[in-house]
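Each number in the numbering used here comes from the position in the sequence shown (counting from 1) with 723 added on.
Cβ atoms here follow ideal geometry from the backbone N, Cα and C, with glycine treated the same way.
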Amino acid sequence: MAHIPDGVLAWPVVAVGTVVAAAALGLALRRLDDRMIPKTAILAAAFFVVSLIAVPVGPSSVHVLLAGLMALLLGPVAVLAVFVGLVLQALFFGFGGVTTLGLNTLNIAGPAILLAAVVRPLLPRLSIRGVVVAGALVGALASLSTGLLIVASLVASSSDFAVAAKIITLTYGPLAVVEGVVTASALAFIKRVRPEILASGPGLAPAPPTAEARA
Numbered sequence: 724m725a726h727i728p729d730g731v732l733a734w735p736v737v738a739v740g741t742v743v744a745a746a747a748l749g750l751a752l753r754r755l756d757d758r759m760i761p762k763t764a765i766l767a768a769a770f771f772v773v774s775l776i777a778v779p780v781g782p783s784s785v786h787v788l789l790a791g792l793m794a795l796l797l798g799p800v801a802v803l804a805v806f807v808g809l810v811l812q813a814l815f816f817g818f819g820g821v822t823t824l825g826l827n828t829l830n831i832a833g834p835a836i837l838l839a840a841v842v843r844p845l846l847p848r849l850s851i852r853g854v855v856v857a858g859a860l861v862g863a864l865a866s867l868s869t870g871l872l873i874v875a876s877l878v879a880s881s882s883d884f885a886v887a888a889k890i891i892t893l894t895y896g897p898l899a900v901v902e903g904v905v906t907a908s909a910l911a912f913i914k915r916v917r918p919e920i921l922a923s924g925p926g927l928a929p930a931p932p933t934a935e936a937r938a
């Protein structure tokens with residue numbers, strides 16, 4: 724239930740999520756450059772597609788998020804990819820809601836971006852085994868953290884969601900394992916075939932050649 728629909732949460736919870744998400748999106752837009760647009764679009768499309776495949780679990784449902792992978796490859800710009808995917812899902816398929824777009828974006832992208840901020844600068848120097856471990860940890864922990872934020876959003880809105888919150892917490896355990904495996908596998912593949920991708924993006928891209936070097 725990463726897509727919390729309209730009318731479920733208390734308005735103060737929705738308002739706080741919207742304000743924080745708006746600030747994060749503003750930062751992402753400032754960091755987005757021409758080199759990152761294709762990668763951001765591809766990951767947004769991947770997130771859009773995989774998030775449509777949901778498995779019903781009790782009163783909720785679970786699906787792969789790819790938040791850890793997006794954050795490791797895009798950094799703070801991952802919040803923009805998540806937001807675009809959520810907007811399209813809300814408009815075309817009725818997943819989530821319009822008023823909860825900010826909070827849903829924050830719940831999914833926020834933990835992954837914070838975790839990736841620590842791990843992402845290390846990726847170019849890690850071996851494939853190290854990349855696998857890093858990817859598994861970020862993917863799994865990002866998923867678990869998203870589950871906890873969703874539970875916190877529900878409980879902060881009403882104590883009536885206590886039972887549903889417990890079920891959601893349990894469902895995110897197996898999902899975290901899947902997220903860890905998917906993220907680790909994707910990063911290992913990238914490390915083998917296109918390791919320079921792990922060194923791209925703001926703060927990690929190699930400096931452009933000087934005029935003397937081009938000459």
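Annotated three-state conformation of Met759 is coil, per DSSP. Sequence-distant partners of Phe771 (beyond 5 residues in either direction) whose C-beta falls short of 7 Å from its own C-beta, in its chain, are Gly808, Leu811, Gln812. For Leu788, no alpha helix (DSSP H) run applies, since DSSP gives it neither H nor E. The Cβ-Cβ distance between Arg843 and Leu795 falls below 7 Å. Distance from the Cα of Asp729 is smallest, within the candidate group Val787, Ala801, Leu826, for Leu826. According to the DSSP assignment, Pro847 belongs to no alpha helix (DSSP H), since it is labelled neither H nor E. Contact check between the segment 854-861 and the segment 906-918: three or more CB pairs, one atom from each, fall below 8 Å, which counts as touching. With 16 or more other CB atoms across the displayed protein chains lying within 10 angstroms of its CB, Pro799 is buried. Take the alpha-carbon of Thr823 and the one of Leu829: they are about 10 Å apart. In the three-state DSSP reduction, Phe912 falls in the helix class (H, G or I). The alpha-carbon of Val900 is positioned some 33 Å away from that of Asp756. Taking the Cα positions, Ala804 is about 13 Å away from Val773.
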